[in-house]
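Enquirer: Mapping to the numbering used here: the sequence shown position 332 is 504, numbers consecutive.
No residue lacks a Cβ here, since even glycine has one placed at the ideal position from N, Cα and C.
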Amino acid sequence: MTGRSALNQGTPYTSNPLIFQFSKFTLYPLRLKCQNNIYEASGKFNRMKKIIFHLDDSKNFRGGERQVLYLASELEKLGCRNFVVCRKNSLLEKEAGERRLESFDIPYFSEWDPVSALLLALEIKQKMKAFDADALPIIHSHTGHTAATAWLAGFLLDGVRIAHRRVDFPVSGRSAVLKYAKADAVIAVSEAIKKILLAGGISEKKIAVIPSSVNLADFESSAGEDYRNRLLANLKLGADSMLIGSLMALVPHKDPLNLVKAAKRTVSARPECHFLLAGEGHLLDEAKTAVKTLSLENNFHFLGYCRENIEFLKGLDIFVLSSREEGLGSSIIEAMAAGLPVVGTDAGGIPELIQNNFNGFITPRESPEPLADALLKLAGDAELRRRFSANSLARSRDYSSVKMAQETLKLYEKTLENFKPR
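Printed below as a string of structure tokens:
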């Protein structure tokens with residue numbers, strides 16, 4: 173049953189009755205008045221043209237937003253036309269502009285926001301009419317909230333709906349039905365995410381596992397020695413300092429306090445170790461308080477938002493991610509591309525990236541002692557670091573942005589081939 177037919181039968185799929193009534197009595201009638209594209213009138217459309225609208229409502233610029241830009245940039249090279257649909261004046265809008273990617277903004281007031289859905293549909297219709305009226309838009313939602321926006325917009329226009337799932341939170345309830353079960357395809361960034369989607373009742377036929385990626389060329393052309401020297405000078409550290417770094421948002425599922433506790437044990441055994449945490453989030457003050465309580469002020473350094481993430485990584489000795497929950501861990505892929513030995517927890521998809529005792533160590537989540545012991549083992553063994561570094565670099569080749577774009581384009585083509593106008 174499609175989302176539209178469910179509404180026609182009076183099934184209250186959304187938990188908010190106001191949005192349900194808006195969708196039923198406003199969006200669907202508007203669609204009937206707006207059927208002006210060839211594919212809507214005849215059911216025929218041009219499957220060769222790929223015009224993709226990438227939806228991301230984030231106010232910040234983190235790993236997921238970087239993945240949006242990697243994908244859109246590579247798809248451009250493959251002959252697709254891409255639009256990044258983001259918040260006005262967001263970091264994503266700025267970064268997209270610097271990469272010369274086309275974008276437009278909608279307000280994204282809330283998850284089930286009919287105003288944003290209406291604006292999205294009208295903007296897509298206008299652009300499709302201008303560029304290729306007989307092509308079918310591909311609406312690719314990169315967050316859970318934007319998957320809801322795409323579903324609502326479906327009352328106004330036909331289009332292939334792709335939902336991307338990057339986090340390993342449980343998927344359940346009416347919201348999951350509308351956002352994922354009603355999508356034409358769902359991309360999971362790891363096998364761990366796929367299992368969660370299956371447990372939430374999403375059909376396996378709809379799920380494609382396409383891991384996150386890095387632009388390997390960026391890492392090959394970037395050197396971290398100058399950045400490392402600047403860091404050492406700014407933090408007044410000696411040249412023999414062991415730099416252990418992490419790129420993470422300071423939010424509960426990343427568990428930064430786990431890292432702080434592990435740092436205490438590590439520094440107590442090896443005072444030359446210094447922890448550098450690049451990222452922002454609402455747990456920053458709590459993490460700083462924990463550092464002060466454990467008397468780690470001289471060895472634990474908060475760097476804030478890091479735009480030069482590649483240089484930062486290439487200036488480190490070891491990378492660590494202390495997550496309690498993790499969809500895959502794109503920062504680990506970046507660390508591997510930088511040639512770093514990596515230490516992470518067994519959360520979510522992390523074990524799919526770190527092969528224990530090959531390119532790093534896997535430790536139990538929420539367990540600072542094993543995390544510290546793994547870091548100490550690497551800090552005290554230069555040959556082991558060199559071996560893991562080489563293995564990380566080799567392993568990163570499996571996670572190139574080129575490969576991700578090629579696999580995503582195949583999914584688009586398969587979904588277009590099987591698409592039937594709603």
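Would you kindly work out how many angstroms separate the C-alpha atoms of LYS575 and LEU548, rounded to a whole number?
Expert: So the two alpha carbons sit approximately 35 angstroms from each other.
Enquirer: With GLY236 as the anchor, note down where its alpha helix (DSSP H) starts and where it stops.
Expert: Looking at the DSSP string, the run of the alpha helix (DSSP H) that includes GLY236 is 235-249.
Enquirer: List the residues that DSSP assigns as beta-bridge partners of ALA450.
Expert: Answer is LEU419, GLY476.
Enquirer: With a threshold of 8 angstroms, are at least 3 pairs of Cβ atoms found where one atom belongs to the segment 412-431 and the other to the segment 385-397?
Expert: No contact exists between the segment 412-431 and the segment 385-397.
Enquirer: Report the three-state DSSP secondary structure of SER495 (helix, strand or coil).
Expert: Of the three classes helix, strand and coil, the one that applies to SER495 here is coil, per DSSP.
Enquirer: Short of 8 angstroms in beta carbon distance, which residues of its chain neighbour SER214, apart from the five on each side in sequence? Order them along the chain.
Expert: Bear in mind that the predicted position of SER214 carries a pLDDT of just 45, short of 50, making it unreliable; the figure below should be weighed with that in mind. Around SER214: no qualifying Cβ.
Enquirer: If contact is defined by three or more beta carbon pairs under 8 angstroms, each pair taking one atom from either stretch, is the segment 465-479 in contact with the segment 492-509?
Expert: No: fewer than three Cβ pairs fall under 8 angstroms.
Enquirer: Sorted by chain position, which residues of the same chain lie with C-beta nearer than 6 angstroms to ALA268's C-beta, five sequence neighbours on each side aside?
Expert: So the list reads VAL256, SER275, once near-sequence residues are dropped.
Enquirer: Helix, strand or coil, according to DSSP, for LYS582 in the structure here?
Expert: Helix.
Enquirer: Could you compute how far the alpha carbon of ALA293 sits from the alpha carbon of LEU525?
Expert: About 38 angstroms.
Enquirer: Taking its Cβ as the centre, do 16 or more other Cβ atoms sit within 10 Å of PRO383, making it buried, or is it exposed?
Expert: Classification of PRO383: buried, given that the 10 Å Cβ count is 16 or more.
Enquirer: Enumerate in chain order the residues of its own chain whose CB-to-CB distance from LYS231 is below 7 angstroms, with the five nearest sequence positions on each side excluded.
Expert: ARG259, SER262.
Enquirer: So SER237 and ASP229 are supposed to be a Cβ contact under 8 angstroms. How far apart are they, rounded?
Expert: Looking at the sequence shown, residue 237 is not Ser but Glu. So it is not a contact: roughly 10 angstroms between Cβ atoms.
Enquirer: Could you tell me whether the segment 355-372 touches the segment 516-535, using the rule of 3 or more Cβ pairs below 8 angstroms?
Expert: The answer is yes - the segment 516-535 touches the segment 355-372, with three or more Cβ pairs under 8 angstroms.
Enquirer: Could you tell me if GLY451 is buried or exposed, where buried requires 16 or more neighbouring beta carbons within 10 angstroms of its beta carbon?
Expert: By the neighbour-count rule (16 or more Cβ atoms within 10 Å), GLY451 is buried.
Enquirer: Which of the three DSSP states is assigned to GLU506 in this structure?
Expert: Of the three classes helix, strand and coil, the one that applies to GLU506 here is helix, per DSSP.
Enquirer: So is ARG558 buried or exposed if we call it buried at 16+ other beta carbons inside 10 Å?
Expert: Exposed, because fewer than 16 other Cβ atoms sit within 10 Å of the Cβ of ARG558.
Enquirer: For LEU250, count neighbouring C-beta atoms within 10 Å of its own C-beta (all shown protein chains included) and say buried if the count is 16 or more, exposed if not.
Expert: Exposed, by the Cβ-count rule.
Enquirer: Could you tell me whether the Cβ atoms of ASN590 and ASP330 are closer together than 9 angstroms?
Expert: No, these two residues do not count as a Cβ contact at 9 angstroms.
Enquirer: DSSP has LEU227 in a bridge; who is on the other side?
Expert: Paired residues: VAL257, SER313.
Enquirer: With ASN430 and GLU295 assumed to form a contact (beta carbons below 8 angstroms), what rounded beta-carbon distance in angstroms separates them?
Expert: Wrong, their Cβ atoms sit about 43 angstroms apart, outside the cutoff.
Enquirer: Just to confirm the assignment, what range does the beta strand (DSSP E) spanning SER275 have?
Expert: Per DSSP, SER275 belongs to the beta strand (DSSP E) from 274-277.
Enquirer: In terms of residues, what are the limits of the alpha helix (DSSP H) holding PHE303?
Expert: Where PHE303 is concerned, the enclosing alpha helix (DSSP H) stretches over 286-303.
Enquirer: Could you give the first and the last residue of the continuous alpha helix (DSSP H) run that contains ILE379?
Expert: Taken as a continuous stretch (DSSP letters only), ILE379 belongs to no alpha helix (DSSP H), being part of the beta strand (DSSP E) at 379-381.
Enquirer: Closest to LYS297 by C-alpha separation, out of ILE310, LEU404, ASP285, would be which residue?
Expert: It is ILE310.
Enquirer: Is the beta carbon of ARG337 less than 9 angstroms from the beta carbon of GLY326?
Expert: Contact: no.
Enquirer: In terms of alpha-carbon separation, which member of ALA322, LEU350, HIS312, ALA371 lies closest to PRO341?
Expert: One point to set straight first is that residue 341 is Phe, not Pro, in the sequence displayed. Nearest option by C-alpha distance: ALA371.
Enquirer: In angstroms, rounded to a whole number, what distance separates the CA positions of GLY490 and GLY499?
Expert: Sequence check: residue 490 is Ile here, not Gly. If you take the alpha carbons of ILE490 and GLY499, they lie about 21 angstroms apart.
Enquirer: What residue from ILE379, SER245, ALA544 has the CA that sits closest to ALA441's CA?
Expert: Minimum Cα distance to ALA441 is reached at ALA544.
Enquirer: On the CB-based measure, 16 or more other CB atoms within 10 Å of its CB, does SER572 come out buried or exposed?
Expert: Buried, since its Cβ has 16 or more Cβ neighbours within 10 Å.
Enquirer: Below 7 angstroms CB to CB, which residues in the same chain sit around PHE472 once its five sequence neighbours on both sides are set aside?
Expert: Cβ neighbours of PHE472 beyond the five flanking positions: VAL432, ALA435, PHE447, VAL463.
Enquirer: Might you give, ordered along the chain, the residues of its own chain that have their beta carbon closer than 6 angstroms to the beta carbon of ALA320, omitting 5 neighbours on each side?
Expert: Within the same chain, ALA320 has close Cβ partners GLU283, TRP284, LYS351.
Enquirer: Can you tell me which of the three DSSP states VAL514 falls into?
Expert: Strand.
Enquirer: Can you tell me whether MET576 is helix, strand or coil according to DSSP?
Expert: If DSSP states are grouped into helix, strand and coil, MET576 belongs with the helices.
Enquirer: If you run the structure through DSSP and keep just helix, strand and coil, what is LYS460?
Expert: Three-state result, LYS460: helix.
Enquirer: Enumerate in chain order the residues of its own chain whose CB-to-CB distance from GLU265 is below 8 angstroms, with the five nearest sequence positions on each side excluded.
Expert: Result list for GLU265: VAL256, CYS258, ARG259, SER275, ASP277, in chain order.
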